[in-house]
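The sequence shown lines up with residues 26 to 306 when you count with the numbering used here.
To keep things clear, I will list the structure first and then write my remarks on it.
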Amino acid sequence: MPDVVRDIAALREVVRDWRRDGHRIGLVPTMGALHEGHLSLLSHAFVSCSKVITTIFVNPTQFGAHEDLDAYPRDEARDLDMIAEAGGQLVFIPSVETMYPTEFSTRVEVDGLTDVMDGAARPGHFNGVTQIVSKLLNQAQADVAVFGEKDWQQLAIIRRMVSDLDVPTDIQGAPTVRDAFGLALSSRNAYLSPDELSIARRLNVVLKKAAYDIAASDYPTDICKTATDDILTLGFQSVDYLECRDAVNLSLVDKLHKRSARLFVAAKIGRARLIDNVAVN
Ligand code: AMP
Numbered sequence: 026m027p028d029v030v031r032d033i034a035a036l037r038e039v040v041r042d043w044r045r046d047g048h049r050i051g052l053v054p055t056m057g058a059l060h061e062g063h064l065s066l067l068s069h070a071f072v073s074c075s076k077v078i079t080t081i082f083v084n085p086t087q088f089g090a091h092e093d094l095d096a097y098p099r100d101e102a103r104d105l106d107m108i109a110e111a112g113g114q115l116v117f118i119p120s121v122e123t124m125y126p127t128e129f130s131t132r133v134e135v136d137g138l139t140d141v142m143d144g145a146a147r148p149g150h151f152n153g154v155t156q157i158v159s160k161l162l163n164q165a166q167a168d169v170a171v172f173g174e175k176d177w178q179q180l181a182i183i184r185r186m187v188s189d190l191d192v193p194t195d196i197q198g199a200p201t202v203r204d205a206f207g208l209a210l211s212s213r214n215a216y217l218s219p220d221e222l223s224i225a226r227r228l229n230v231v232l233k234k235a236a237y238d239i240a241a242s243d244y245p246t247d248i249c250k251t252a253t254d255d256i257l258t259l260g261f262q263s264v265d266y267l268e269c270r271d272a273v274n275l276s277l278v279d280k281l282h283k284r285s286a287r288l289f290v291a292a293k294i295g296r297a298r299l300i301d302n303v304a305v306n
């Protein structure tokens with residue numbers, strides 16, 4: 026079983042010992058309810074690190090008032106078993122009070138990249154993400170921190186923040202892990218009924234076809250509209266966005282012209298809001 030620490034001093038003590046022994050340290054921040062996608066981040070960290078810290082914290086500041094903070098799946102014992110299987114040596118599980126003592130009053134916000142897509146659909150969400158990730162990076166002082174490409178916008182925002190604030194941790198992205206049908210694994214997939222799951226599994230099919238069509242035609246706008254209609258026809262209640270954007274600065278792409286672009290989607294089905302993204306070329 027991995028060691029579990031719940032306060033910052035204990036985390037720092039372990040990290041100090043590891044540093045003294047010459048280890049390269051990786052950090053994998055999560056909200057728990059772990060699946061193979063999370064474990065792939067640990068594997069990615071182990072490529073260049075000899076010790077990996079996994080953090081489990083359901084961060085209240087990144088949930089909107091009407092979002093699923095209370096319902097968010099939590100299963101610490103199962104998470105610890107999975108981290109043990111993946112070889113993770115240390116798990117940091119702070120309480121809300123440890124992360125946000127009553128006098129807490131600092132904000133960490135990234136402009137621009139947070140205005141679009143999930144930033145527009147979930148006001149304040151990314152401010153909560155940058156706030157908690159900057160704290161975790163400072164607390165762990167890891168050499169490498171790994172985030173999933175499934176949350177591509179989040180990864181782009183964290184890269185921007187770390188560059189702007191001169192944080193000395195190397196931010197690495199790991200590819201999206203999918204089930205056998207191509208559905209991106211997500212803790213929120215647990216909300217899906219069997220019928221909803223079979224509809225959700227078609228989302229990536231529509232997305233991949235649209236990406237293929239865009240690469241062939243160079244003009245994303247109409248293809249995005251058709252793909253949005255296709256997703257609604259599948260049985261999704263709504264599509265928050267389906268957009269082709271630059272992979273780095275996230276600006277809207279209306280003519281591909283050899284740019285490195287990705288197709289991004291957020292769509293709601295039942296109690297779940299699913300996001301996904303794929304490369305266009
Ligand atoms: P979460 O627990 O959902 O906040 O996710 C924690 C980390 O796992 C984030 O960096 C996510 O991007 C990453 N992640 C979540 N799902 C996947 C997946 N299916 N494949 C790869 N990484 C993922």
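Don't be surprised by glycine CBs; every beta carbon is placed ideally from N, CA and C.
- Grouping DSSP H, G and I as helix and E and B as strand, with all else coil, what is I256? helix
- Please go through the region 200-266 and give each complete alpha helix (DSSP H) segment of 4 or more residues, from N-terminal end onward. 219-225, 228-242 and 245-259
- Beta-bridge pairing of F289 - partner residues as DSSP gives them: E268 and N302
- Item | Same chain, Cβ closer than 6 Å to S285, five either side skipped, listed in chain order | A272
- Message: So V29 and M56 are supposed to be a Cβ contact under 8 Å. How far apart are they, rounded?
- Response: V29 to M56, Cβ: 16 Å. No contact.
- Message: Spatial neighbours of D168 within its chain, please: C-beta separation below 6 Å, excluding the five flanking residues on both sides.
- Response: R49 and I50
- Taking C-beta to C-beta, are Q156 and H69 nearer than 8 Å? no
- Reduced DSSP category for Q197 - H, G, I as helix; E, B as strand; rest coil: strand
- Task: Would you decide whether K160 is buried or exposed? Buried here means 16 or more other CB atoms lie within 10 Å of its CB.
- Result: buried
- Select from C269, V305 and L259 the residue whose C-alpha is nearest the C-alpha of G295. L259
- Task: Take P245 and list the residues in its own chain whose beta-carbon comes closer than 7 Å to its own, dropping the five residues that flank it on each side.
- Result: I239, C269, V278, D279 and L281
- Using the C-alpha atoms, what's the distance from Q178 back to V141? 9 Å
- Query: Any heavy atom of the ligand AMP closer than 7 Å to the Cβ of T246?
  - Reply: no
- Query: Which residue comes first and which comes last in the beta strand (DSSP E) that contains K160?
  - Reply: Segment H150 to A165 is the alpha helix (DSSP H) holding K160; no beta strand (DSSP E) there.
- Output the residue ranges of the alpha helix (DSSP H) runs that lie fully inside the region 42-103 and measure 4 residues or longer, sorted by chain position. 61-73
- Item | Inter-stretch contact (C-beta, 8 Å, three-pair minimum) for the region 181-198 and the region 126-140 | yes
- Query: Does the beta carbon of S65 fall short of 7 Å from some heavy atom of the ligand AMP?
  - Reply: yes
- Is A111 helix, strand or coil when you go by DSSP? coil
- Query: Based on the DSSP secondary-structure assignment, which residues constitute the bridge partners of L277?
  - Reply: R270
- Message: Give me, in chain order, the residues of the same chain whose beta-carbon lies closer than 6 Å to that of H63; leave out the 5 immediate sequence neighbours on both sides.
- Response: T55
- Report the option in L115, I300, L105 and D195 whose CA atom is closest to the CA atom of V39. L115
- Report the rounded CA-to-CA distance for R37 versus L162, giving the unit in angstroms. 12 Å
- Query: Going by alpha carbons, who is nearest to A225 out of L208, K233 and S212?
  - Reply: L208
- Task: Specify the secondary structure class of I183 as computed by DSSP and reduced to three states.
- Result: helix
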